[in-house]
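Residue numbers (full-length UniProt numbering): 1 to 380.
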């Protein structure tokens, strides 16, 4: 589906058809990210899942800022259709890898891996080069209590306190997209950048986002350990019913306010007559703070829904991408109306207002969800 959509986009001449195909392209990409999270949950031990989940979530967080670099290079050299041809070729390459080597990991189908999946669900390497396998242990298969439907994802999205996290995550992502999509317009107008240079300007935000994993995740882990020490929890005593949501939010909320300050500074620096290094540095700090907060919020969402990580991600994506679509459409008109300085200020004020959702969860979250109480080692 993704391959066909990208080829059609490259050959599209109708604006209406282009927009419809882009919608289908987004649906296919979002489905792949959800499947990736589910695969991580299937094959990685709980104590190690947080690192893999963070890297998986970084993919769709950083994609909007890293892809313009490659996209700018392709568009500058071969024209804009080459971007979609490249995406189609990359999707085809990944399809060959998955079809050839990727084994089924769903525990409802294969259990601990000893139960062979149906023939149509096997990789080509297993079909053509079968090897002796251990006797299947059917007792390891996970039995679903009820059939999964899209309505369960919707129900999860509106369940407290997940709704608070999803709503704030959507606001955070929408604001970051508003800043990102205006980079081409602002840098071309103020610094006379070409397509390749505009793509490179996104690299600062991408680097900030990528390094956030090594800056803020250790802070969150350290704060969890601090709360455990204060509660007298040791390896011998085991889990304790302490407010793990507070331990996480004590790190997340200051990061959000750091992002607010960076958004204001970025907007007013762009309005001033400064060297290009000024806004580039602020883009790095924005990427570091906003992506760091987003990654930790995603980790908290997974902690609240340990048995439904894919559904949790699907619920977040539904709200996040809808909000991002609206802010992307309104960002440039907002700049024309109030200027870059006030645009950054408005985004920061929206962040500050939305942070009240986190404060509500900070105070009342444990009343809504029992999973918030116990510390689960490595589940951050």
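Even for Gly, the Cβ is constructed at its ideal location relative to N, Cα and C.
So for residue i, helix, strand or coil by DSSP?
{"i": "residue 366", "result": "helix"}
{"i": "residue 1", "result": "coil"}
{"i": "residue 197", "result": "helix"}
{"i": "residue 158", "result": "coil"}
{"i": "residue 44", "result": "coil"}
{"i": "residue 8", "result": "helix"}
{"i": "residue 23", "result": "helix"}
{"i": "residue 237", "result": "Any reading at residue 237 is ruled out, since the residue's pLDDT is 49, under 50, leaving its predicted position unreliable."}
{"i": "residue 275", "result": "coil"}
{"i": "residue 218", "result": "helix"}
{"i": "residue 244", "result": "helix"}
{"i": "residue 170", "result": "helix"}
{"i": "residue 387", "result": "No answer is possible for residue 387: it lies beyond the span of the chain, which begins at 1 and ends at 380."}
{"i": "residue 111", "result": "coil"}
{"i": "residue 89", "result": "helix"}
{"i": "residue 13", "result": "coil"}
{"i": "residue 68", "result": "helix"}
{"i": "residue 105", "result": "coil"}
{"i": "residue 184", "result": "helix"}
In chain order, what residues of the same chain lie with their CB nearer than 8 Å to the CB of residue i, ignoring the 5 residues before and after it?
{"i": "residue 251", "result": "216, 219, 220, 223 and 296"}
{"i": "residue 269", "result": "278, 279 and 282"}
{"i": "residue 361", "result": "161, 164, 165, 245 and 249"}
{"i": "residue 126", "result": "103"}
For residue i, is the classification buried or exposed, using 16 other Cβ atoms within 10 angstroms of its Cβ as the cut-off for buried?
{"i": "residue 245", "result": "buried"}
{"i": "residue 294", "result": "buried"}
{"i": "residue 336", "result": "exposed"}
{"i": "residue 13", "result": "exposed"}
{"i": "residue 303", "result": "buried"}
{"i": "residue 226", "result": "exposed"}
{"i": "residue 353", "result": "exposed"}
{"i": "residue 194", "result": "exposed"}
{"i": "residue 262", "result": "buried"}
{"i": "residue 256", "result": "buried"}
{"i": "residue 320", "result": "buried"}
{"i": "residue 329", "result": "exposed"}
Note down, in chain order, each residue of its chain lying with its Cβ closer than 6 Å to the Cβ of residue i, except the 5 sequence neighbours on either side.
{"i": "residue 316", "result": "166 and 169"}
{"i": "residue 264", "result": "344, 345 and 348"}
Quick one: residues in its chain with C-beta nearer than 7 Å to the C-beta of residue i, no 5 flanking neighbours on either side, listed in chain order?
{"i": "residue 211", "result": "288"}
{"i": "residue 182", "result": "331, 332 and 335"}
{"i": "residue 247", "result": "223, 224 and 227"}
*Three or more C-beta pairs closer than 8 Å, one from the segment 11-23 and one from the segment 86-93: is that the case here?*
no
*For the segment 149-160 and the segment 300-317, state whether three or more C-beta atom pairs, one from each stretch, are separated by less than 8 Å.*
yes
*Contained alpha helix (DSSP H) runs [length at least 4] in the segment 300-369, N- to C-terminal order*: 309-338 and 340-368
*Decide if the segment 2-9 is in contact with the segment 259-275; the criterion is three or more beta carbon pairs, one per stretch, under 8 Å apart.*
no
*Touch test, the segment 204-214 against the segment 72-84, Cβ-Cβ under 8 Å, three pairs minimum*: no
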